[in-house]
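Right, one structure below, let's go through it.
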Amino acid sequence: MFSIVRTGLAAATQEIAVLSDNIANARTTGYKRQMARFEDVYSHPAAESQPPYRGRGALVAEPRRSHTQGGIVTSAVETDLAIIGNGMLVLAPPPGQETPVYTRNGALRLAPDGTLTGMDGLAVLSAALQPIVIPPELRDAAGEGGRLSALEIGADGTIMGRYGINTVARLGQIGLARFEDESQLRRLGGTLYGETPGAAGPRIGAPGDEGFGYLVAGATEAANVDMTSELTSLIRAQQAFGSSARLLQTVAEMDKRLIDR
Numbered sequence: 076m077f078s079i080v081r082t083g084l085a086a087a088t089q090e091i092a093v094l095s096d097n098i099a100n101a102r103t104t105g106y107k108r109q110m111a112r113f114e115d116v117y118s119h120p121a122a123e124s125q126p127p128y129r130g131r132g133a134l135v136a137e138p139r140r141s142h143t144q145g146g147i148v149t150s151a152v153e154t155d156l157a158i159i160g161n162g163m164l165v166l167a168p169p170p171g172q173e174t175p176v177y178t179r180n181g182a183l184r185l186a187p188d189g190t191l192t193g194m195d196g197l198a199v200l201s202a203a204l205q206p207i208v209i210p211p212e213l214r215d216a217a218g219e220g221g222r223l224s225a226l227e228i229g230a231d232g233t234i235m236g237r238y239g240i241n242t243v244a245r246l247g248q249i250g251l252a253r254f255e256d257e258s259q260l261r262r263l264g265g266t267l268y269g270e271t272p273g274a275a276g277p278r279i280g281a282p283g284d285e286g287f288g289y290l291v292a293g294a295t296e297a298a299n300v301d302m303t304s305e306l307t308s309l310i311r312a313q314q315a316f317g318s319s320a321r322l323l324q325t326v327a328e329m330d331k332r333l334i335d336r
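The sequence shown begins at 76 in this note's numbering and counts up one residue at a time.
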């Protein structure tokens, strides 16, 4: 009995941790909510070949993420991007890693050398998996151009820059990655994810390609967290934790009385 009650306490603790993480990241751009998962454990006496099965508690499983579309929040930043539909931005591998990482956080910025980066400083990659660099100054063979004066990112990820007054140049195209099951990606922290065999991918393409979503410039994707639902679930989980704790205390007191006899 003691071990069964402990599994209930562990399950409630796990759910509280997951829900607290969702609530803490409700305003994090591109965050995807997690859902606690549990499995019932059953057994039956060895002498019996058929049910009835007896409950043996709950087994805590790995939380599962929901990659549903978050709301779109407009901004005045021209490098902010929201993805509508399927796909994730591809970022250069972090130090010590050989494979790219992926995110739905489209709050992008220009580094001092002109590299387009995510908020974590990793370079945004094109469909050819090359870093995208926006030259701060550009001149053609005739000397026309000058400093970067305007930047525009199209729905298909094409980046157009205006230099000086009349010089317009195509500077690259942002790539997207698709996976068969995004919920199987490994969370690396924040809104970054890494590849796993279970995710089945990536398939790299450009926004607007078949099966891929498109981009909205000057906007970001909000977290797909419903605060009302998360708070309600948190209250329920806290009540389950309290009930399990009281039951655990009762079982301990019963065992103590039996031992003292």
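A virtual CB, placed ideally from N, CA and C, is assigned to each residue, including glycine.
Burial check for I310: the Cβ neighbour count within 10 Å stays below 16, so the residue is exposed.
For T295, the uninterrupted beta strand (DSSP E) segment begins and ends at A294 to E296.
Assignment of F113 by DSSP, reduced to helix, strand and coil, places it in the strand class. For M235, the beta-bridge partners assigned by DSSP are E227 and R245. Assignment of beta-bridge partners to A252 by DSSP yields M163 and I279. Remark: C-beta atoms of L260 and A275 do not approach each other more closely than 7 Å. Counting along the chain, I209 sits inside no beta strand (DSSP E), nor does DSSP assign it H or E at all. Within the same chain, L94, N97 and I98 come within 6 Å of E305 by CB-CB distance, once the 5 residues on both sides are set aside. The beta carbon of V80 is closer than 7 Å to those of S319, L322, L323 and V326 in its chain, skipping five residues each way along the sequence.
In this structure, Y106 and V243 do not form a Cβ contact; the two beta carbons are roughly 36 Å apart against a cut-off of 8 Å. By the beta-carbon neighbour count (other beta carbons within 10 angstroms, threshold 16), Q205 is exposed.
By a beta-carbon distance limit of 8 Å, G239 contacts G221. Their separation comes to about 3 Å. Put simply, of A203, G286, P187 and T149 the residue whose alpha carbon is nearest the alpha carbon of T104 is T149. Burial state of L134 is exposed, judged by a 10 Å Cβ sphere holding fewer than 16 other Cβ atoms. For E173 and Q314, the gap between their C-alpha atoms comes out near 45 Å.
The DSSP-derived three-state label of R179 is coil. Sixteen is the threshold: since fewer than 16 other Cβ atoms of the shown chains lie within 10 Å of the Cβ of E255, the residue is exposed. Setting aside the 5 residues that flank it on each side, R278 is surrounded in the same chain by A252, R253, F254 and G286, each with a C-beta closer than 8 Å to its C-beta; the list follows chain order.
Residue pairing of L267 in beta bridges, as defined by DSSP: G264.
Membership of T149 in the beta strand (DSSP E) is indicated by the continuous run I147 to T149. Between A167 and A198, the alpha-carbon positions lie close to 5 Å from each other. Here S258 has R139, R140 and H142 as same chain residues with Cβ atoms under 7 Å from its own Cβ, once five neighbours each way along the sequence are excluded. Classified as buried, G250 has 16 or more neighbouring CB atoms from the shown chains inside 10 Å of its CB. Rounded to whole angstroms, the Cβ separation of L183 and L213 is 20 Å, and the two are not in contact under 8 Å.
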